[in-house]
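Asks:
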Amino acid sequence: MKKYSLYLFDFDGTLFDTIESLKEIYKLTFAKYGIVPTKEDYTTFITLSLPRAMKYKGIDMKYQKEFCKFFNSNVLCDSVVRKTKLYPDSMKFMKFLEKSDIKYGIVSGSSKQRVYDVLDYLKLDPNKLTVCVGNESYKHAKPNAEPIKVALKKAGFKKRKNEVVYIGDAWQDEACAKAAGVDYINIKRPHNKTGDIKSLFDLFK
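Going from the sequence shown to the working numbering is simple: count from 1 and add 11.
(1) Would the beta-carbon of S122 fall within 9 Å of that of V86?
(2) From what residue to what residue does the beta strand (DSSP E) around C143 run?
(3) Applying the 10 Å Cβ sphere with the 16-neighbour rule, what's the burial state of K209?
(4) Classify L97 as helix, strand or coil using the three-state DSSP reduction.
(5) Whole angstroms are fine: how far does the CA of D89 sit from the CA of N83?
(6) From the beta carbon of V176, is the nearest beta carbon of chain D less than 9 Å away?
(7) According to DSSP, F27 sits in a beta bridge with which residue or residues?
(8) Relative to the alpha-carbon of K172, which residue among L214, Y195 and M102 has its alpha-carbon at the smallest distance?
(9) With a 10 Å radius around its C-beta and 16 neighbouring C-beta atoms as the bar for buried, classify N146 as buried or exposed.
(10) Closest by CA to T58, which one among R200, A181, K189 and N197?
(11) Relative to the C-alpha of D23, which candidate in G120, K150 and L61 has its C-alpha closest?
(12) Strictly by DSSP, which residues pair up with D194?
(13) Give a yes or no on whether the C-beta atoms belonging to I30 and T49 are separated by under 9 Å.
(14) Measure the beta-carbon distance from F41 to L97 and round it to whole angstroms, keeping in mind my assumption that it falls under 8 Å.
(15) Here's a check: name, in chain order, each residue in its chain whose Cβ is nearer than 7 Å to the Cβ of A156, leaving out the five neighbours to either side.
(16) For Y44, which beta-bridge partners are listed by DSSP?
(17) Determine the burial state of S111: buried for a count of at least 16 other Cβ atoms within 10 Å of its Cβ, exposed for fewer.
(18) Can you tell me where the alpha helix (DSSP H) holding I159 begins and where it ends?
(19) Among L33, P201, L140 and K134, whose alpha-carbon lies nearest the alpha-carbon of A166?
(20) State yes or no: is the C-beta of K13 within less than 9 Å of the C-beta of V176?
Next up, the structure:
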């Protein structure tokens with residue numbers, strides 16, 4: 012596996028299993044628009060940005076600002092954080108990164124505060140991140156290139172794209188990486204049966 016100078020990770024569905032933790036927030040948010048998500052919807056939502064989730068369920072995009080604001084304000088609660096689950100490789104891998112000299116960061120469709128809250132809850136050190144980009148840092152969500160471009164700028168890798176890889180679990184992660192001009196690696200997860208690697212540790216084999 013090629014070695015990179017900077018490893019950027021998607022958060023939900025890639026580093027941690029957050030499907031169950033977000034169900035109630037999705038349910039609460041979509042209920043405002045008269046929609047009751049199905050069991051299958053929740054698995055799909057985890058692979059989509061909030062605007063894409065809206066489109067997927069047919070909500071008029073004129074409500075995008077209020078939809079995202081409502082979701083983001085409700086997702087920052089202790090119950091959501093506590094319901095975050097680990098994949099078999101999650102904790103060991105994050106501990107491995109913390110003890111290494113590897114530069115790594117998170118580029119998420121969620122807020123930076125939520126990412127930090129989850130890391131704190133799991134007793135992981137957010138300060139070890141080279142960069143963390145949440146949805147308050149960009150206007151255009153994945154699959155647009157902006158989230159990763161913001162991360163590259165913040166991390167000082169704007170002119171070193173060939174040294175950067177983004178690891179994700181969904182088509183929009185791959186599209187975002189390609190649009191930003193960085194390599195992409197797709198990880199297999201229970202909701203994503205296809206992928207380049209089965210475990211995060213495969214990145215360093």
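Don't be surprised by glycine CBs; every beta carbon is placed ideally from N, CA and C.
Computed from a predicted model, the values in this text were never measured in an experiment.
Replies: Inspection of the coordinates gives the following:
(1) yes
(2) V142 to V144
(3) exposed
(4) strand
(5) 13 Å
(6) You won't find chain D in this structure, because it holds only one protein chain.
(7) D23 and L97
(8) Y195
(9) buried
(10) A181
(11) G120
(12) V176
(13) no
(14) At roughly 27 Å, the Cβ-Cβ gap does not stay under 8 Å, so F41 and L97 are not in contact.
(15) C187, A190 and A191
(16) Answer is none; Y44 lacks a bridge partner.
(17) exposed
(18) E157 to A166
(19) L140
(20) yes
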